[in-house]
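Let me begin by presenting the structure, written as structure tokens, before commenting on it.
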Amino acid sequence: YGNEKACGEGVARAIKEGIVKREDLFIVSKLWQTYHDKENVEPITRKQLADWQIDYFDLFLIHFPVALEYVDPSVRYPPGWHYDDAGTEIRWSKATNQETWEGMENLVEKGLAKSIGISNFQAQAIYDLLKYAKIRPATLQVELHPYHQQTELVSLAKAEGIALTAYSSFGPTGFIELDMDIAKSASPLMQHEVFTSLGSKYNKTSAQVLLRWATQQGLAVIPKSTTPKYMEQNFDCVDWNIDEEDMKRISKMNLNLKFNKPTNYFPTEKLWIFG
1 YGNEKACGEG VARAIKEGIV KREDLFIVSK LWQTYHDKEN VEPITRKQLA DWQIDYFDLF
61 LIHFPVALEY VDPSVRYPPG WHYDDAGTEI RWSKATNQET WEGMENLVEK GLAKSIGISN
121 FQAQAIYDLL KYAKIRPATL QVELHPYHQQ TELVSLAKAE GIALTAYSSF GPTGFIELDM
181 DIAKSASPLM QHEVFTSLGS KYNKTSAQVL LRWATQQGLA VIPKSTTPKY MEQNFDCVDW
241 NIDEEDMKRI SKMNLNLKFN KPTNYFPTEK LWIFG
């Protein structure tokens, strides 16, 4: 996301000032699509670690199960989806998920990552990975919210002992900021009658109800906020319960509506990776 140096500066300052110790932090980052060739995995991970000013990641994820042609960091970083600076050309790499995963396993063997995992993988890609993985993925991170509940994928992760992390717990909210038409046309979850009414019933905010709906299913959540008040409120999503009938009420809202897919950003490109 182009913010690792800034994050690293914050971490280094906090450690230097004695606010935290490195072992108190759980730092996660991801491998971008342009570095999927096995020989590129370690060098870019070392660059990212240097930007963070740390020696290892607690968790390192494959961002998307698709490989793009290598773009040298000295040419453009972060590289984005397109090969050229003008943003007009997509180039595919021949790297397979298997060789990328082998590169990820190498990170664990060298102590550059404590754990490795996957993001935005669908069922068949997971089944395939489990056939050859020497180190099984510790976690699967996917878009998951009441409009996109992915119940079968959740069941698969639980059956295989893969921890599931849900991102975009508030549905279209974060994507409206990106001027995404499909997000702007969707009813905002935090203003939806279901969540405002449940918020009143449980004396919680709509955001807290949305997060508890996920955590009550045994899922981890990673809501984004830069407001201290909302950050504090977001923590209140584990020590209270939503009634079973209310959970079912939320479950009926599923629309299989996915916002974070490349064709929503680049509708003219042949990036049908969730087809």
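With full-length UniProt numbering applied, the sequence shown has no gaps in its numbers, which climb one by one up to 275 at the end.
We put the beta carbon where it would ideally sit given N, CA and C, even for glycine.
(message) For Gln6 and Pro78, what's the separation of their Cα atoms in angstroms?
(response) Note on identity: in this sequence residue 6 is Ala, with Gln being the wrong assignment. Spanning the alpha carbons of Ala6 and Pro78 requires a straight line of approximately 14 Å.
(request) Could you name the residues that DSSP lists as bridge partners for Tyr167? (result) Answer by DSSP bridge pairing, in chain order: Glu143.
(request) Assign Gly117 to buried or exposed, taking buried as 16 or more other Cβ atoms, counted over all protein chains shown, within 10 Å of its Cβ. (result) Label assigned to Gly117: buried.
(request) Compute the beta-carbon to beta-carbon distance between Ala186 and Leu156, rounded to the nearest angstrom, for a pair I have assumed lies under 8 Å. (result) In fact, because the Cβ distance is near 26 Å, the residues do not count as touching under 8 Å.
(request) Look up Phe195 in the DSSP assignment and say whether it is helix, strand or coil. (result) DSSP places Phe195 in helix when its eight states are reduced to three.
(request) Could you give the DSSP three-state label for Asp85: helix, strand or coil? (result) Of the three classes helix, strand and coil, the one that applies to Asp85 here is coil, per DSSP.
(request) Measure from the alpha carbon of Lys201 to the alpha carbon of each residue in Asn97, Arg22, Trp240, then state which is nearest. (result) Nearest of Asn97, Arg22, Trp240 to Lys201, Cα basis: Trp240.
(message) Please state whether the Cβ-Cβ distance between Phe259 and Ser168 is less than 8 Å.
(response) Ser168 is positioned such that its CB atom lies closer than 8 Å to that of Phe259.
(request) Give me the Cβ distance between Gln141 and Ser115, rounded to the nearest whole Å; I'm assuming they're in contact under 8 Å. (result) Rounded, the Cβ-Cβ distance is 12 Å, inconsistent with contact.
(request) Within the same chain, show all residues whose beta-carbon is closer than 8 Å to that of Glu42, passing over the 5 residues directly before and after it, in chain order. (result) Result list for Glu42: Gly103, Asn106, Leu107, Lys110, Leu112, in chain order.
(request) Give the secondary structure of Gly111 by DSSP, where H, G and I count as helix, E and B as strand, and everything else as coil. (result) Of the three classes helix, strand and coil, the one that applies to Gly111 here is coil, per DSSP.
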